[in-house]
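To convert, take the position in the sequence shown, counting from 1, and add 384; that gives the working numbering. Using N, Cα and C, we set each Cβ at its ideal position, and we do this for glycine too.
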Amino acid sequence: MERISSRQNSLAKRFRALAHAGAGGDDILLDGPHLLEEALDGGLAVSIAAFADSALVSRLVTLADRAALAGVRTRAATDALFHALSPAQQPSGVVSIARRPVADLDAALVRAPQLLVLLEGVQDPGNVGAIIRAAEAFGATAVIVGAGSADPFGWKALRGAMGSSLRLPVVSRASLADTLRTLRAANVRILAAVPRAGQAPAELDLRAPSAIVLGGEGAGVTDALANGADERITVRMQPPVESLNVAVAAALVLYEASRQRADVAV
385 MERISSRQNS
395 LAKRFRALAH
405 AGAGGDDILL
415 DGPHLLEEAL
425 DGGLAVSIAA
435 FADSALVSRL
445 VTLADRAALA
455 GVRTRAATDA
465 LFHALSPAQQ
475 PSGVVSIARR
485 PVADLDAALV
495 RAPQLLVLLE
505 GVQDPGNVGA
515 IIRAAEAFGA
525 TAVIVGAGSA
535 DPFGWKALRG
545 AMGSSLRLPV
555 VSRASLADTL
565 RTLRAANVRI
575 LAAVPRAGQA
585 PAELDLRAPS
595 AIVLGGEGAG
605 VTDALANGAD
615 ERITVRMQPP
625 VESLNVAVAA
635 ALVLYEASRQ
645 RADVAV
């Protein structure tokens, strides 16, 4: 295995650029062995993986061999240099670069019965990742991330999703106005999650083709989008609590949708 020995190495610069500038281009940074394994399992194009020396004398030797057999360029780095390559405060021993997955809304709509999640202005990448993970866990067919939200393929969002972003169709940088027009044309009901005055998830029929819209951590769903929704949905809480973390709210609504749909399947 070749070594990266200097921060001035072109590959080292590439890792650092993705780590510190974030995603947004055609390449994404996968932090840790789990995401590399998920990428290999899913056939994602992984171009290079860098391993810390300390990891290569322990648990990651088998993974390095597997990556090399899959055609991934593997490199070793001293632990000190690896800290500069990894975006995490506590590096997990391997970082890799892969091609950004591309999903298409029209293709996602073919998966029935449709249960989509739309994100409007969700700016915390950890929340974006957690929502994508919950979406896969509870049977959503796609996640549509609006242009004003955090990039779902930034390293923090990818880490929060724990591999779900590499399996579930995730449409990023989407125009929500265009998306809503497409969904309405496909007879998908639009449900806007709001902190109050909406119907409880259990009061709605979530078995029908549906798209759940979730807003940003502070402002929530915009009035324009909420007013244009077919229904408003609210997770009811005991006072004095007024709101939930957006990822928690998403999981609760999606769980109810999953429960209703499981009853139909039985």
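By the 16-neighbour rule on beta-carbons within 10 angstroms, Leu414 is buried. Close CB contacts of Glu422 within its chain, under the 7 Å cut and outside five residues either way in sequence, are with Gly547 and Leu550 (chain order).
Between Leu552 and Ile596 the beta-carbon gap is near 14 Å, outside 8 Å, which marks them as no contact. In the same chain as Arg387, and ignoring 5 residues on each side of it, the C-beta atoms closer than 6 Å to its own belong to Ala460, in chain order. Looking from the CA of Ala482, the closest CA among Gln392, Leu542, Ala491 and Arg645 belongs to Leu542. DSSP, reduced to helix, strand and coil, places Phe537 outside both helices and strands of the structure shown, so it counts as coil. The secondary-structure analysis by DSSP pairs Glu520 with nothing; it has no beta-bridge partner.
Restricting attention to Arg457, Leu502 and Ala492, the CA atom closest to the CA of Val478 is found in Arg457.
Asp614 carries a coil assignment under DSSP once its states are collapsed to helix, strand and coil. The beta carbon of Leu628 is closer than 8 Å to those of Val619, Met621 and Leu636 in its chain, skipping five residues each way along the sequence.
Between Leu567 and Ser390, the alpha-carbon positions lie close to 50 Å from each other. Counted as a single uninterrupted DSSP element, the stretch harbouring Val597 is not any alpha helix (DSSP H) but the beta strand (DSSP E) occupying residues Ser594 to Gly599.
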